[in-house]
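Report on the structure given below.
2 protein chains.
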Amino acid sequence: MKTLVIISHPDLDESSSQQFLLAAIPKNENITVHHLEINYPDGNIDVFREQELLLAHDRIIFQFPFYWYSSPALLKHWQDVVLTEGFAYGQQGSMLAGKEFCLVLAIGVKESEYQAGGRELYSISELTKPYQALAFKTEMIYLKPLLIFQFAYLTHEQKIQLYMDYQQALTREKDDSLQAREKWLLSQLENMDKQNLADAEHATLSNAIAQIKSNRSTIEELRLILEQMR
Amino acid sequence: MKTLVIISHPDLDESSSQQFLLAAIPKNENITVHHLEINYPDGNIDVFREQELLLAHDRIIFQFPFYWYSSPALLKHWQDVVLTEGFAYGQQGSMLAGKEFCLVLAIGVKESEYQAGGRELYSISELTKPYQALAFKTEMIYLKPLLIFQFAYLTHEQKIQLYMDYQQALTREKDDSLQAREKWLLSQLENMDKQNLADAEHATLSNAIAQIKSNRSTIEELRLILEQMR
Chain A
1 MKTLVIISHP DLDESSSQQF LLAAIPKNEN ITVHHLEINY PDGNIDVFRE QELLLAHDRI
61 IFQFPFYWYS SPALLKHWQD VVLTEGFAYG QQGSMLAGKE FCLVLAIGVK ESEYQAGGRE
121 LYSISELTKP YQALAFKTEM IYLKPLLIFQ FAYLTHEQKI QLYMDYQQAL TREKDDSLQA
181 REKWLLSQLE NMDKQNLADA EHATLSNAIA QIKSNRSTIE ELRLILEQMR
Chain B
1 MKTLVIISHP DLDESSSQQF LLAAIPKNEN ITVHHLEINY PDGNIDVFRE QELLLAHDRI
61 IFQFPFYWYS SPALLKHWQD VVLTEGFAYG QQGSMLAGKE FCLVLAIGVK ESEYQAGGRE
121 LYSISELTKP YQALAFKTEM IYLKPLLIFQ FAYLTHEQKI QLYMDYQQAL TREKDDSLQA
181 REKWLLSQLE NMDKQNLADA EHATLSNAIA QIKSNRSTIE ELRLILEQMR
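Chains A and B supply the protein sequences, listed in that same order. At position 57 of the first sequence (counting the first as 1) the number is 57 in the UniProt record's numbering, and the numbers step up by one without a gap. At position 187 of the second sequence (counting the first as 1) the number is 187 in the UniProt record's numbering, and the numbers step up by one without a gap.
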């Protein structure tokens, strides 16, 4: 699976959340990071190049700070000029059909304000309807978004979780089963660069992998017994 | 009441719907028309000037073609740079509080597609939640939007109705009572430029005004009788 991360942010260098996410992106030929403001400082978008990029990937990520309940202006401009009739929708062709679409949003206000009675009035699911409608019209599969509320206030543990969640948003095949998450975790552990690990750490890692595999065997055995009992 | 019409459209001259609306705007010192793309072709928005404009008006109109369920990019950029914390919201000040906010949207797809089962999936009320949340956060009063579906296919009669509806969106005080609509209509009739009218037309107009006033008297009398009967 190839993933295209389209980032729109007017000042990427100054954003601690965006820098954190950038550092979390696995160096991987299957992931393309594409920052619009760097590529098009004058706003003149190369429509053909952008459409080629979309065609070459299976999962499209829109990653941006949630300003006034939407994206920065350049991503909106990109939508208007790149997602044309005959390419993205309409009778002549829906070239994005079947691809996956996922929002990664950095949100400055805490989650509990996004509801009736809160300062932001509506939920993120309500406020992102324009993106859901976009995915529907272009026949893309709308994935659960990755919502990052108030990055600056995250604890160390929450940041580690975010690191994992973000990598999964970029690379994990769409499947929420326990087994799929386990498989993804195993492949991450097994592909880790282990050169810099001390022997003890290396052993811990091997034990963790063995433990997960052993748990899986137990689960499979239990499932078999259950099926025989039916 | 002073009304600020903020128009965002990348090519106003080529838009028949926008030209129709421009022609319908009453020449009136209480209405300011402000086209963003003409004022800021390079996108460098004069924030102070824009905030002054907002402060000087009571009703703020956002008028634009509904591209990908939102505005053209320049209006989004305007929102992000003009509606700052301490000006539009936050503890330091909500300078827009109590003003009225109204969307005037030109929409290329027919109304019936904007629902579950339709090609656009969601209603306009659902898709405009970001603007409703904006009005809520800035403490502005969200008025019923003026939605123009498929302008090119409107009949002559529908265009006349749109002409009236648009003038009302710009100038009529917020009050949906029959009496308020009647009052607005009377003031429009009485303020018409009658120099170019033939005598017969002049008489028709005078009769119409007299008729409306007479109807109003009858209604008031009936109301009085009803109250006495209680």
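Here a beta-carbon is modelled for each residue, glycine too, at the ideal position from N, C-alpha and C. As the structure is a computational prediction, the values presented were derived from the model and not from experiment.
Closest to residue i by CA distance: which of the options is it?
{"i": "A/Leu143", "options": "A/Asp165, A/Pro72, A/Glu220 and A/Ala169", "result": "A/Ala169"}
{"i": "B/Leu162", "options": "B/Glu113, B/Phe151 and B/Ala88", "result": "B/Phe151"}
{"i": "A/Asp42", "options": "A/His77, A/Ser125 and A/Ile107", "result": "A/His77"}
{"i": "B/Ile148", "options": "B/Lys137, B/Val81 and B/Asp165", "result": "B/Asp165"}
{"i": "B/Leu189", "options": "B/Thr204, B/Pro10 and B/Ile6", "result": "B/Thr204"}
{"i": "A/Lys2", "options": "A/Ala200, A/Asn191, A/Gly118 and A/Lys174", "result": "A/Lys174"}
{"i": "A/Gln51", "options": "A/Asp80, A/Lys183 and A/Glu220", "result": "A/Asp80"}
{"i": "A/Lys111", "options": "A/Ala133, A/Leu127 and A/Ile219", "result": "The question names Lys, but residue 111 of chain A is Glu in the sequence shown. The shortest C-alpha separation from A/Glu111 is found at A/Leu127."}
{"i": "A/His57", "options": "A/Met140, A/His156, A/Gln158 and A/Gln18", "result": "A/Met140"}
{"i": "A/Leu134", "options": "B/Leu121, B/Ala135, B/Ala133 and B/Gln132", "result": "B/Leu121"}
{"i": "A/Gln167", "options": "A/Ala24, A/Leu55 and A/Phe48", "result": "A/Ala24"}
{"i": "B/Ser206", "options": "B/Ile219, B/Met192 and B/Thr218", "result": "B/Met192"}
From residue i to residue j, what does the alpha carbon distance come to, in whole angstroms?
{"i": "A/Glu227", "j": "A/Pro26", "result": "40 Å"}
{"i": "B/Leu224", "j": "B/Asn215", "result": "14 Å"}
{"i": "A/Leu146", "j": "A/Val104", "result": "5 Å"}
{"i": "A/Ser125", "j": "B/Pro130", "result": "11 Å"}
{"i": "A/Leu83", "j": "B/Tyr69", "result": "13 Å"}
{"i": "B/Ile38", "j": "B/Arg172", "result": "27 Å"}
{"i": "B/Ile60", "j": "A/Ile107", "result": "27 Å"}
{"i": "A/Gly117", "j": "B/Val33", "result": "35 Å"}
{"i": "B/Ser31", "j": "B/Tyr67", "result": "Note that residue 31 of chain B is Ile in the sequence shown here, rather than Ser. Each residue's alpha carbon lies about 26 Å from the other."}
{"i": "A/Asp176", "j": "A/Gly98", "result": "18 Å"}
{"i": "A/His202", "j": "A/Ile160", "result": "20 Å"}
{"i": "B/Asn28", "j": "B/Lys183", "result": "18 Å"}
{"i": "A/Gln179", "j": "A/Ala200", "result": "28 Å"}
{"i": "B/Leu222", "j": "B/Pro72", "result": "51 Å"}
{"i": "B/Glu85", "j": "A/Tyr153", "result": "20 Å"}
{"i": "A/Asp46", "j": "B/Ile212", "result": "59 Å"}
{"i": "A/Leu197", "j": "A/Leu53", "result": "37 Å"}
{"i": "A/Leu185", "j": "A/Ile209", "result": "9 Å"}
{"i": "B/Pro65", "j": "A/Gln132", "result": "19 Å"}
{"i": "A/Ser187", "j": "A/Ile219", "result": "19 Å"}
{"i": "B/Glu113", "j": "B/Gly93", "result": "40 Å"}
{"i": "A/Arg181", "j": "A/Gln91", "result": "38 Å"}
{"i": "B/Leu22", "j": "A/Ser123", "result": "36 Å"}
{"i": "A/Arg230", "j": "A/Tyr89", "result": "49 Å"}
{"i": "B/Leu55", "j": "B/Phe48", "result": "11 Å"}
{"i": "B/Asn44", "j": "A/His35", "result": "21 Å"}
{"i": "B/Gln115", "j": "B/Gln158", "result": "23 Å"}
{"i": "B/Ser217", "j": "B/Thr155", "result": "35 Å"}
Going by the DSSP bridge assignment, what does residue i pair with across the sheet?
{"i": "B/Val33", "result": "B/Val5"}
{"i": "A/Phe64", "result": "A/Leu105"}
{"i": "A/Arg59", "result": "A/Thr3 and A/Glu100"}
{"i": "A/Ile148", "result": "A/Ala106"}
Could you check how far apart the C-beta atoms of residue i and residue j are, in whole angstroms? I think they sit under 8 Å.
{"i": "A/Met95", "j": "A/Phe101", "result": "Contact doesn't hold; Cβ gap of about 13 Å is too wide."}
{"i": "A/Arg119", "j": "B/Lys194", "result": "Not really, about 52 Å apart at Cβ, beyond 8 Å."}
{"i": "B/Val109", "j": "B/Gln63", "result": "About 18 Å; that fails the 8 Å criterion."}
{"i": "B/Gly40", "j": "B/Leu74", "result": "The amino acid occupying residue 40 of chain B in the given sequence is Tyr; Gly does not appear at that position. Correct: roughly 7 Å between the Cβ atoms."}
{"i": "A/Gln19", "j": "A/Ile7", "result": "At roughly 11 Å, the Cβ-Cβ gap does not stay under 8 Å, so A/Gln19 and A/Ile7 are not in contact."}
{"i": "B/His9", "j": "B/Ser16", "result": "The Cβ separation is near 12 Å, so there is no contact."}
Using only the heavy atoms of the ligand GDP, determine whether one of them is closer than 7 Å to the beta carbon of residue i.
{"i": "A/Pro130", "result": "Among the ligands in the structure shown, none appear at all, so the ligand GDP cannot be discussed."}
Completely contained beta strand (DSSP E) runs for the region 70-140 of chain A, where each covers 3 or more residues: 100-107
Unbroken stretches of the beta strand (DSSP E), 3 residues or longer, contained in the region 141-227 of chain A: 146-149
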